[in-house]
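Notes follow the structure.
In C-alpha cells:
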C-alpha cells in the first residue's frame, strides 16, 4: 500500500513541480533556478528509490539477479546500454543545458536528429531493462510513472523552447519526433543519380 501511495505522491509532486515551479522559472528567468533544479533532482530521486518499497532489500543494496541466466543477461544488457546511452547523450548536450540552466540553441546534431528527447528515451530503456530483471505489476507501474513524469517535463520544456526559439523550434519539431524516431530518419539518404 505504501508503494502505491508513493506512486501517486511522486506523480502529483512532479505535476506541481513541472507545471508550476519549473514553468514559472522558464517564464520569469528564461532558465531554471537553483530551487527548481533541486526539486527536479528530488522528484527523480523519489522515483528512483520507490522500488525499495517492494523489492525487499534495504536501501542502498541492490536486489539479487533473477535465477534465470537469460533474464539476467538480457536485463543487465538492456539496462547497461540505456545507462551508457544516457551518459553519452548528457555529455553531448552538456550538463548545464541538460538541467535547464544554460539555454543555448536548438540542438539538432547527434541523437537529437532522430528524437527531441534522447536522454529521456535512453533512461527509459535502462528502466525497461530493470523491468526485465524484476518483472511485476509494481515495476510496470514504476516504468509508467517515469513515462508520465518525463512527459510532464517535456511538455513544460517544449513550451519554454517554443517561447525562446520560435520558428526555429517549430521547424525542428515538424522534422523530428518528440519521442520515438522514424526509421527513415536514421537510414542513409539515397543519392539521386
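In this note's numbering, the protein residues as written are 1070 to 1262. No residue lacks a Cβ here, since even glycine has one placed at the ideal position from N, Cα and C.
field: Whole-angstrom distance between residue 1119 and residue 1133, CA atom to CA atom
entry: Roughly 17 angstroms between the two C-alpha positions.
message: Taking only three categories from DSSP, how would you classify residue 1170?
response: Any reading at residue 1170 must be qualified, since the residue scores a pLDDT of 49, below 50, and its modelled position is unreliable; no value is offered.
task: Mind checking which residues open and close the alpha helix (DSSP H) that includes residue 1211?
output: 1206-1234
Separation of residue 1147 from residue 1162, as counted between CA atoms: 22 angstroms
- prompt: Can we say the stretch 1178-1196 touches the stretch 1092-1112, given the rule of at least three CB pairs closer than 8 angstroms?
  reply: no
- request: Report buried or exposed for residue 1230, applying the criterion of at least 16 other Cβ atoms within 10 angstroms of its Cβ.
  value: By the 10 Å Cβ count, residue 1230 comes out buried.
field: Cβ pair residue 1175, residue 1238 closer than 8 angstroms
entry: Yes, the pair counts as a contact, with Cβ atoms nearer than the cut-off.
- prompt: Going along the chain, which residues of its own chain have a beta-carbon closer than 6 angstroms to the beta-carbon of residue 1092, five neighbours each way excluded?
  reply: 1225
- prompt: According to the Cβ coordinates, are residue 1144 and residue 1199 closer than 8 angstroms?
  reply: yes
Among 1113, 1114, 1115, 1090, the one whose alpha carbon lies nearest that of residue 1103: Per the Cα distances, 1090.
message: Just to confirm the assignment, what range does the alpha helix (DSSP H) spanning residue 1187 have?
response: It spans 1187-1202 - the alpha helix (DSSP H) in which residue 1187 sits, taken as one unbroken run.
message: For residue 1086, tell me which candidate among 1113, 1206, 1071 has the shortest Cα-Cα distance.
response: 1113
- prompt: When we look at the beta-carbon of residue 1139 and count the other beta-carbons within 10 Å, is it buried (16 or more) or exposed?
  reply: exposed
query: If you compare alpha carbons, which of 1184, 1213, 1182, 1186 is closest to residue 1197?
result: 1213
- request: Sort 1095, 1115, 1094, 1099 by Cα distance to residue 1211 and report the nearest one.
  value: Nearest C-alpha to residue 1211 among 1095, 1115, 1094, 1099: 1115.
- prompt: Does DSSP put residue 1137 in a helix, in a strand, or in coil?
  reply: coil
- prompt: What residue range is occupied by the uninterrupted alpha helix (DSSP H) comprising residue 1095?
  reply: That run of the alpha helix (DSSP H) goes 1092-1098.
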